[in-house]
Amino acid sequence: GAVVSQHPSRVICKSGTSVKIECRSLDFQATTMFWYRQFPKQSLMLMATSNEGSKATYEQGVEKDKFLINHASLTLSTLTVTSAHPEDSSFYICSARVAGKPLSGNTIYFGEGSWLTVV
Amino acid sequence: AQTVTQSQPEMSVQEAETVTLSCTYDTSESNYYLFWYKQPPSRQMILVIRQEAYKQQNATENRFSVNFQKAAKSFSLKISDSQLGDTAMYFCAFLPGGSNYKLTFGKGTLLTVNP
Chain Z
333 GAVVSQHPSR VICKSGTSVK IECRSLDFQA TTMFWYRQFP KQSLMLMATS
383 NEGSKATYEQ GVEKDKFLIN HASLTLSTLT VTSAHPEDSS FYICSARVAG
433 KPLSGNTIYF GEGSWLTVV
Chain B
145 AQTVTQSQPE MSVQEAETVT LSCTYDTSES NYYLFWYKQP PSRQMILVIR
195 QEAYKQQNAT ENRFSVNFQK AAKSFSLKIS DSQLGDTAMY FCAFLPGGSN
245 YKLTFGKGTL LTVNP
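Sequences listed follow chains Z and B, in order.
Position in the first sequence counted from 1, then plus 332, gives you my numbering.
Position in the second sequence counted from 1, then plus 144, gives you my numbering.
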């Protein structure tokens, strides 16, 4: 089946610095990718929808300037947490929609997720 | 806007027994999809089963089956012959038809399978 890879799986950064998380579709093209945040023992919260070649669409309450999303190619979307603070520590997970196919559960794939710890 | 409700935060079942996880949703859409995802301790989201709203027949995938009641907006997951590897967080999710590709998740049910 299709594979979505996230990197890094774990990252620790100092408060005030920026950190980038990559989401790659390894064997398919993804026109749309989604970024979620998940707190411990909670559900996935959609942060933004990343569209190839255009600006990301952010959910209400998500700071656009803090969580920069770039989807420069059909196989790569990046999430950059700028000026990270301890409250940004969380599990971030991406998903990707297979381009050109009717949307269904079989054509949305999730990455393995990335743990971010800001110290 | 759609909402998905999972009323059971935690459940447990003995190995080899059957368990049912509940999910209800609210929507004004006529065309949509419903899913159950499994999230084990590794945190990888794994699709368990999906149901297209226009299909009356309940979806089944090996030991997993759903009871889809469209009029009642209910979508429960039945796991038969529970295995230790089924221990995970289970999320019910809703996806509208058309060009809105956003999944709406329930809060999840933590299922523990006991030996």
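For each residue, glycine too, the CB sits at the ideal point set by N, CA and C.
Being a predicted model, the structure only gives us computed values, none of them experimental.
| task | Run the CB neighbour count on L239(B), radius 10 Å, all protein chains shown included, and call it buried at 16 or more, exposed below. | result | Here residue 239(B) corresponds to residue number 95 of the second sequence, with the count starting at 1. Classification for L239(B): buried.
| field | Proximity of P184(B) and A215(B) at Cβ, strictly below 8 Å | value | Reading the second sequence from its first residue, position 40 is the one you call residue 184(B). Reading the second sequence from its first residue, position 71 is the one you call residue 215(B). Contact flag unset, no.
| request: Examine chain Z for any beta-carbon lying closer than 8 Å to the beta-carbon of Y176(B), and answer yes or no. | output: On the second sequence, position 32 is the one that residue 176(B) refers to. Using beta-carbon distances, Y176(B) does not count as an interface residue toward chain Z, since no partner is under 8 Å.
| task | Assign E173(B) to one of three DSSP states: helix, strand, or coil. | result | Reading the second sequence from its first residue, position 29 is the one you call residue 173(B). In the three-state reduction of the DSSP assignment, E173(B) falls in the coil class, being assigned neither a helical nor a strand state.
| field | Reduced DSSP category for E419(Z) - H, G, I as helix; E, B as strand; rest coil | value | In the first sequence, counting from the first residue as 1, residue 419(Z) sits at position 87. Three-state DSSP puts E419(Z) in a helix.
| beta strand (DSSP E) containing C236(B): first to last residue? | As a working mapping, residue 236(B) is identified with position 92 in the second sequence. 232-240 is the span of the beta strand (DSSP E), which, as asked, contains C236(B).
| query | In whole angstroms, what is the alpha-carbon distance linking S350(Z) and L228(B)? | reply | Within the first sequence, the letter at position 18 stands for residue 350(Z). Within the second sequence, the letter at position 84 stands for residue 228(B). For S350(Z) and L228(B), the distance between alpha carbons rounds to 40 Å.
| query | Is there at least one Cβ from chain B nearer than 8 Å to L411(Z)'s Cβ? | reply | Counting from one through the first sequence, the residue named residue 411(Z) turns up at place 79. No - not a single Cβ of chain B is within 8 Å of the one on L411(Z).
| field | L358(Z), DSSP secondary structure in three states | value | Against the first sequence, residue 358(Z) aligns to sequence position 26. DSSP, read as helix, strand or coil, puts L358(Z) in coil.
| Same chain, Cβ closer than 6 Å to T248(B), neighbours up to 5 away in sequence not counted | In the second sequence, the residue the question calls residue 248(B) occupies position 104. If we look at T248(B) and ignore the five residues flanking it on each side, its Cβ neighbours are Q146, V148, F238.
| said: In whole angstroms, give me the CA-to-CA distance for D420(Z) and G443(Z). | reply: In the first sequence, residue 420(Z) corresponds to position 88, counting from 1. In the first sequence, residue 443(Z) corresponds to position 111, counting from 1. Their backbone Cα atoms lie some 19 Å apart in a straight line.
| Quick one, which of G242(B), R187(B), C236(B) has its alpha-carbon nearest K217(B)'s? | Within the second sequence, numbered from 1, the residue matching residue 217(B) stands at position 73. That would be C236(B), whose Cα lies nearest to the Cα of K217(B).
| Nearest neighbour of I401(Z), chosen from F360(Z), G348(Z), A388(Z) [CA to CA] | Indexing the first sequence from 1 puts residue 401(Z) at position 69. Ranking the options by Cα distance to I401(Z), first place goes to A388(Z).
| Near-chain B residues of the segment 349-382 of chain Z (beta-carbon distance less than 9 Å), N- to C-terminal order | T364, F366, Y368, Q370, K373, Q374, S375, L376, M377, L378, T381
| said: For Q370(Z) and G393(Z), what's the separation of their Cα atoms in angstroms? | reply: Numbered from its first residue, the first sequence carries residue 370(Z) at position 38. Numbered from its first residue, the first sequence carries residue 393(Z) at position 61. Roughly 15 Å separates the two Cα atoms.
| said: Contact defined as beta carbons within less than 8 Å: I believe L255(B) pairs with V163(B). What is the distance between those atoms, to the nearest angstrom? | reply: To locate residue 255(B), count along the second sequence from 1; it is residue 111. To locate residue 163(B), count along the second sequence from 1; it is residue 19. The C-beta distance from L255(B) to V163(B) rounds to 7 Å, short enough to fall under 8 Å.
| request: Verify the CB distance criterion: does G250(B) have a CB-CB separation below 8 Å to chain Z? | output: By one-based count along the second sequence, residue 250(B) stands at place 106. Yes, because at least one Cβ of chain Z sits closer than 8 Å to the Cβ of G250(B).
| message | Please return the same chain residues whose Cβ sits closer than 7 Å to the Cβ of A362(Z), not counting the five positions on each side in sequence. | response | Taking the first residue of the first sequence as 1, we reach residue 362(Z) at position 30. Counting only Cβ-Cβ distances below 7 Å, and skipping sequence neighbours, we find L406, T407, A428, R429, V430, A431.
| task | Establish whether the CB of R429(Z) and some CB of chain B are separated by less than 8 Å. | result | Taking the first residue of the first sequence as 1, we reach residue 429(Z) at position 97. Yes, because at least one Cβ of chain B sits closer than 8 Å to the Cβ of R429(Z).
| field | Interface partners of K246(B) on chain Z, CB under 8 Å | value | What you label residue 246(B) is simply residue 102 of the second sequence in a count that begins at 1. By Cβ distance, chain Z contributes F366, L378, T381.
| task | With a 10 Å radius around its C-beta and 16 neighbouring C-beta atoms as the bar for buried, classify I425(Z) as buried or exposed. | result | By 1-based counting over the first sequence, the position of residue 425(Z) is 93. So I425(Z) counts as buried.
| field | 8 Å CB neighbourhood of Q195(B) in its chain, flanking five on each side removed | value | Taking the second sequence and counting its residues from 1, one reaches residue 195(B) at position 51. Only Y177, L178, F179, N202, A203, V210, F212, F219 meet the Cβ criterion.
| query | Can you list, in chain order, the stretches of the beta strand (DSSP E) that have 3 or more residues and sit fully within the segment 183-234 of chain B? | reply | 190-196, 208-213, 218-223
| Bridge partners - L247(B), DSSP secondary structure assignment | As a first step, residue 247(B) is located in the second sequence; it is residue number 103 there, counting from the start. DSSP, once it has assigned bridges, lists no residue as partnering L247(B).
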